[in-house]
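*Asks:* 2184 is the number that my numbering gives to position 734 of the first sequence; each next residue is one higher, with no gaps.
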Amino acid sequence: MLEKRYDFSSREEHWQEYWRENEIYKFNPEAEERYMIDTPPPTMSGNIHLGHIASYTQLDVIARHQRMLGKSVFFPFGYDNNGLPTERYVQKNSKLKMNEITRGQFIEKCYDAIDELKPIYREVFFRAGHSADFDETYSTITPRTQEISQRSFLDLYKKGEIERRNSASLWCPECRTTIAQSEIDTAELDSVMNYITFGIKDSEERLKIATTRPELLSACVCVFVHPEDEARAHLVGKTAISPLYNAEVPIIANPDVDREKGTGAVMCCTFGDEADAKWQKEYNLPILEAIAYNGKMTALAGEFEGLKVIEARKAIIEKLRETGILYDQTPLTHPVATHERCGTAIELLTKPQWFIKLLDHKDELYQAGLDCKWYPEHMQKRFLNWVDGLKWDWCISRQRFYGIPFPVWYCEDCGEVILADESDLPVDPSATQPKCACPKCGGTKFKPENDVMDTWATSSLTPQICTDMLTKKGLDDTYTPMNLRPCAHDNIRVWNFYTIAKSLLHFGKLPWKDVVIHGWGLSATGTKLSKSKSNGGTLGPVDTYKKYSADATRYWTSNASLGKDIYITEEEFKNGFKLMQKLWNASRFVLPFLEGYTPREIELLPMDCWIIGCYKQTFERFMSYMEKYEMGLALNELEQLFWNFCDNYIEIAKNRLYKPEVYGEHAKESAQYTSHTVLRGMLKLFSIYMPHIAEEIYQDAFAEFEACKSIHISKYLDLGKYTGNDVSAGNEVCEIVSKIRGYKSQKGLSLKEELKKVTITGAPQFVKDCVDDIRAVCNIVNLEFADGEKDVIIEE
RNA sequence: GGGAGCUUAGCUCAGUUGGUAGAGCAUCUGCCUUACAAGCAGAGGGUCACAGGUUCGAGUCCUGUAGCUCCCACCA
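1. Look up L1639 in the DSSP assignment and give the residues it is bridged to.
2. According to DSSP, is I1796 part of a helix, a strand, or is it coil?
3. For the putative contact between Q1914 and I1598, defined by C-beta atoms under 8 Å, what is the C-beta separation to the nearest angstrom?
4. Can you check DSSP and say which residues form a bridge with H1811?
5. Can you check which of these residues, I1846, D1863, E1862 and C1864, is closest to F1856 by C-alpha distance?
6. So is G1687 buried or exposed if we call it buried at 16+ other beta carbons inside 10 Å?
7. What do you reckon, is the C-beta of I2062 under 7 Å from a heavy atom of the ligand MN?
8. What separation, rounded to the nearest whole angstrom, lies between the Cα atoms of G1987 and Y1475?
9. Return the residue from the list I1854, S2164 and K2109 that minimises the CA-CA distance to E1537.
10. Is it the case that the segment 1661–1671 contacts the segment 1753–1767, given that we only count it when at least three CB pairs across the two stretches are under 8 Å?
11. Are there three or more Cβ pairs, one per stretch, closer than 8 Å when the segment 2064–2076 is compared with the segment 2123–2140?
12. Could you name each continuous alpha helix (DSSP H) segment of 4 residues or more that falls completely within the segment 1882–1934, going from the start of the chain to the end?
13. Tell me the residue span of the alpha helix (DSSP H) that contains N1835.
14. With DSSP run on the structure shown, which of helix, strand or coil describes R1614?
15. Got a sec, what are the start and stop residues for the beta strand (DSSP E) R1484 sits in?
16. State buried or exposed for L1911, treating a residue as buried only when at least 16 other CB atoms are found within 10 Å of its CB.
17. Could you name each continuous alpha helix (DSSP H) segment of 4 residues or more that falls completely within the segment 2100–2173, going from the start of the chain to the end?
18. Which whole-angstrom value describes the C-beta separation of L1452 and S2188, a residue pair presumed to lie in contact below a C-beta threshold of 8 Å?
19. Please tell me whether K1823 and D1927 are closer than 8 Å, where the distance is taken between their beta carbons.
20. Could you check if E2245 is buried or exposed, using at least 16 other CB atoms within 10 Å of its CB as the buried criterion?
21. Spell out a yes or no on whether the segment 1699–1706 and the segment 1573–1592 are touching, meaning 3 or more CB-CB pairs, one atom from each, closer than 8 Å.
22. Which one of D1640, W2006 and F1648 has the shortest CA to CA distance from I1760?
23. Check whether the segment 2146–2154 touches the segment 2077–2092, taking contact to mean three or more Cβ pairs, one atom from each stretch, closer than 8 Å.
24. Go through its chain and collect everything with a Cβ distance to G2238's Cβ below 8 Å, but skip five positions before and after it.
25. What residues match up with G1649 in a beta bridge as DSSP calls it?
26. Can the beta-carbon of E1573 be found less than 8 Å from the beta-carbon of A2000?
27. Using a Cβ-Cβ cutoff of less than 6 Å, which residues in the same chain neighbour D2241 once the five nearest sequence positions on both sides are dropped?
28. Start and end of the beta strand (DSSP E) containing Y1561?
29. Within 10 Å of its beta-carbon, does S1530 have 16 or more other beta-carbons around it, so buried, or fewer, so exposed?
30. Just to confirm the assignment, what range does the alpha helix (DSSP H) spanning C2296 have?
31. I need the DSSP call for G1987, collapsed to helix, strand or coil.
32. Across the segment 1787–1794 and the segment 1629–1645, are there enough close Cβ pairs to call them in contact, namely three or more that are closer than 8 Å?
33. I need the DSSP call for Y1456, collapsed to helix, strand or coil.
34. Closer than 6 Å by C-beta to E2089: which residues in its own chain qualify, once you throw out the five before and the five after it? Chain order, please.
35. Would S1982 be called buried (16 or more neighbouring beta carbons within 10 Å of its own) or exposed?
36. Just the C-alpha distance for L2054 and S2120, rounded to the nearest angstrom, thanks.
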């Protein structure tokens, strides 16, 4: 018997523990049919919020759906605790500066932070009723993961896909590390265009040049003009003299120059922007470093040495003004590349870095984008677009403390790269030494590579890291391509892209077949929920579970459209809560009539056939939506059926169930069979969205009947193909009932009010066969049928 | 500048292959009905962004326009 009230707060926890103890969600690698998900490990960088719950719950709905199709579902859970986000979190919360403590101490701090955060993260997901295995989880910083990640490095190095190059790379002066193209944001910043003049050697002429980066004047290596620039044609081949520094630089004609921009003459520095870097390579120009890794000017800048870039810019402008070299200024706003993590304008600096070759593989990457199935489909374009615009190889060196080290030393004598032995992985080259002498020069002194790898170099291996929990084989492709990678739309060019790249480079195949793109959880005002910013006022996940239940929280998130952002509104939690109550109450009505009842096949009354037809129709639509990962639309279909069941079917069945002495035992049994079947079927469909209450009711009423330990490992109730005939006729009955209810409503009568006589005209045979049901549900003394136009005539 | 998506009821959104506009929320009216008042019944509410075109017929297909959102490019 179900209690009058469903006490979700205690029952939800009860079932969570039950599922865990009984290993309901355990993956069976031997299963005939498997469904494997490459779960995104949440980044451990602070407080977890409802946005996470939104996307992970959608994923859980998918996992549960696949499980109820009879597949064994691999739904791992992991923690992404490797790298910059965690590092920044630790720095911020402990108010530490990187240069004030040792690397070892800092790493300890990071591990401590992870230990504190892990249980919080686990709790939030576990209490949402997620069907992942929380007892065996992975993390992106464990020794085992480090081993896999380093092995990936060695493998790609040996394949010739990784190399160390000394070239321009994207540098964040705030984080003091190189970053990748994918980590760039663009910010619209105010700036000033400064018009200055260069001298010309052996000439009185001055050459006008515009620049937004006068602080790089000391690193000016060349001046370009357009080949068709007649006014300046005579200068090509001559030597320009930079102001203040009096450096002699060549004047070269270059078709890349945009004659409309600035003055039409460009100074090329090391490096003002990507064009500078390109030209440096193209003309083999000298590399002059005016900016140091800490974002301050070097000795090259002369009197401006030690100033930060922005300060130096102000100072040099002042100086240029004083000396009369600056002849004009115009304010402008322009887009500046910034580091997405900290918003600092990035610089291009030269430093030896490790690169994974991507530009050589653009075609394969593009093809991989075509080969994956994207949901929603148009997200594929974003991937292809990104591959198209790829300009940099993937720089994987990071000048940070906390991360996975490169398994690499350099020979102090000859500089040769010495790789760690695979059997020694994971290694920390700063703590150990190579086992043999340098193969090239026989040297025995080595210095370690002190950089660590980009976090994405590791998280791009999640298919290998998570399936390693099954195979213990590390970098292995036994289970790839997996079935599904879920991912937010902002991660298409990052996590998705790199995972595809690694899988292609290592194994020559896709990491997974399907990609589902989910939106962001947005606050009611439409701002993105973020771990680092607080969107004050919004509920936290655990508060929401407490106030509205986990099931209601899940309802909110699963009701979203594929790929679309979802807004947090308490309205939706309330709706979820109401649905839960309704499910409870409907079951509380039906189930007592099913005590001691065992279903057997009998001939069903027309309206019973009708609701079963409705169920079949819903079931088909539900399945086809879920096939496309459209869980929100599937849920809508289901809800429609459920309300129909409550408002129309139960009202009809009620009379037969209560009064078999009036309507007959057969009519009662027909209603019993039908409500048993349809409620059981609907519960299963609901169970992927609201697993707790579905389990509660299932255990009370159906678990024994199905001899199944949990609704979540039972199979959907497929009643066969919907043929389409019975539903429309039954709907007509509902319309007639609705008309009669409307009549009472308009007259201000109670619905139980007795009607003396009702005549239904133009009704088909099906409706006539339902005479008892209609009479009962509308409380009609005398119900008659007549020929003529379809109508309902009521006499009080 | 290149690409993608969106525009349907006051709000949030559905609308599969063209065939009389749908749901939830909100609003209004009525109803304590032996599951549920956190409920039930009923009602009002839309030139489907705009303009053309194809068609017997267009929210749906084609072309164009406008507005919003996102991705990419744009640092002289």
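Think of the CB as a built atom: it goes at the ideal place given N, C-alpha and C, for glycine as much as any other residue.
*Replies:* Here's the rundown:
1. As a first step, residue 1639 must be located in the first sequence, where it is residue number 189. Answer by DSSP bridge pairing, in chain order: H1784.
2. Residue mapping note: residue 1796 aligns to position 346 of the first sequence, counting from 1. Of the three classes helix, strand and coil, the one that applies to I1796 here is coil, per DSSP.
3. Here residue 1914 refers to the residue found at position 464 when the first sequence is read from its first residue. Here residue 1598 refers to the residue found at position 148 when the first sequence is read from its first residue. That belief holds up - the Cβ atoms of Q1914 and I1598 are roughly 6 Å apart, short of 8 Å.
4. Walking along the first sequence from the start, residue 1811 turns up at place 361. None; H1811 has no bridge partner.
5. To locate residue 1856, count along the first sequence from 1; it is residue 406. Checked all of I1846, D1863, E1862 and C1864; the closest Cα to F1856 is I1846.
6. As a first step, residue 1687 is located in the first sequence; it is residue number 237 there, counting from the start. Answer is exposed; the Cβ neighbour count stays below 16.
7. Ligands are entirely absent from the displayed structure, and the ligand MN is therefore not among its contents.
8. What you label residue 1987 is simply residue 537 of the first sequence in a count that begins at 1. What you label residue 1475 is simply residue 25 of the first sequence in a count that begins at 1. Because G1987 sits at a pLDDT of 49, beneath the cut-off of 50, its placement in the model cannot be relied upon, and the following sentence gives the value as read from the coordinates. Their Cα atoms are separated by approximately 35 Å.
9. Along the first sequence, one-based indexing puts residue 1537 at 87. Nearest option by C-alpha distance: I1854.
10. When C-beta atoms of the segment 1753–1767 are compared with those of the segment 1661–1671, three or more pairs fall below 8 Å, so the two segments count as touching.
11. yes
12. Listed in chain order, the complete alpha helix (DSSP H) runs (minimum 4 residues) inside the segment 1882–1934 are 1905–1909 and 1912–1921.
13. Here residue 1835 refers to the residue found at position 385 of the first sequence. Here the alpha helix (DSSP H) through N1835 covers M1829 to D1838.
14. Within the first sequence, numbered from 1, the residue matching residue 1614 stands at position 164. If DSSP states are grouped into helix, strand and coil, R1614 belongs with the strands.
15. Reading the first sequence from its first residue, position 34 is the one you call residue 1484. Unbroken beta strand (DSSP E) run through R1484: R1484 to M1486.
16. In the first sequence, counting from the first residue as 1, residue 1911 sits at position 461. Looking at its Cβ environment, which holds 16 or more other Cβ atoms inside 10 Å, L1911 is buried.
17. 2101–2108, 2110–2113, 2115–2137, 2141–2151 and 2153–2156
18. In the first sequence, counting from the first residue as 1, residue 1452 sits at position 2. In the first sequence, counting from the first residue as 1, residue 2188 sits at position 738. No, L1452 and S2188 are not in contact; Cβ-Cβ is about 29 Å, not under 8 Å.
19. Within the first sequence, residue 1823 is the residue found at index 373, counting from 1. Within the first sequence, residue 1927 is the residue found at index 477, counting from 1. No; because the gap between Cβ atoms is not below 8 Å, this pair is not in contact.
20. Indexing the first sequence from 1 puts residue 2245 at position 795. Burial call: exposed.
21. no
22. On the first sequence, residue 1760 is found 310 positions in, with the first residue counted as 1. Measuring from the Cα of I1760, the nearest candidate turns out to be D1640.
23. no
24. The residue given as residue 2238 occupies position 788 in the first sequence. T2211 and G2212, listed in sequence order.
25. Here the question's residue 1649 lines up with position 199 in the first sequence. G1649 pairs with R1656 and I1691.
26. Residue 1573 sits at position 123 when you count from the first residue of the first sequence. Residue 2000 sits at position 550 when you count from the first residue of the first sequence. Cβ atoms of E1573 and A2000: not closer than 8 Å.
27. By one-based count along the first sequence, residue 2241 stands at place 791. For D2241, where only same-chain residues beyond five positions count, the Cβ hits under 6 Å are T2211.
28. As a position in the first sequence, residue 1561 is number 111, starting the count at 1. Y1561 -> not in any beta strand (DSSP E); alpha helix (DSSP H) instead, spanning R1553 to F1576.
29. Position 80 of the first sequence, counting from 1, holds the residue named residue 1530. Before going on, a small fix: residue 1530 reads as Asp here, not Ser. When all chains shown are included, D1530 counts as buried.
30. Summary: the structure shown does not reach residue 2296, with the chain confined to residues 1451 through 2246, and so no result is reported for it.
31. Counted from its first residue, the first sequence places residue 1987 at position 537. Low confidence applies to G1987: its pLDDT is 49, below 50, so where it sits in the model is not reliable enough to give any reading.
32. Between the segment 1787–1794 and the segment 1629–1645, the count of Cβ pairs shorter than 8 Å is three or higher; the stretches touch.
33. Indexing the first sequence from 1 puts residue 1456 at position 6. Looking at Y1456 - three-state DSSP - the assignment turns out to be coil, as it is neither helix nor strand.
34. Working through the first sequence from its first residue, we reach residue 2089 at position 639. So the list is empty, once near-sequence residues are dropped.
35. Reading the first sequence from its first residue, position 532 is the one you call residue 1982. Residue placement at S1982 is poorly supported in this model, since its pLDDT is 42, which falls under 50; the coordinates still yield a value, given next. That one is exposed.
36. Counted from its first residue, the first sequence places residue 2054 at position 604. Counted from its first residue, the first sequence places residue 2120 at position 670. Roughly 5 Å between the two C-alpha positions.
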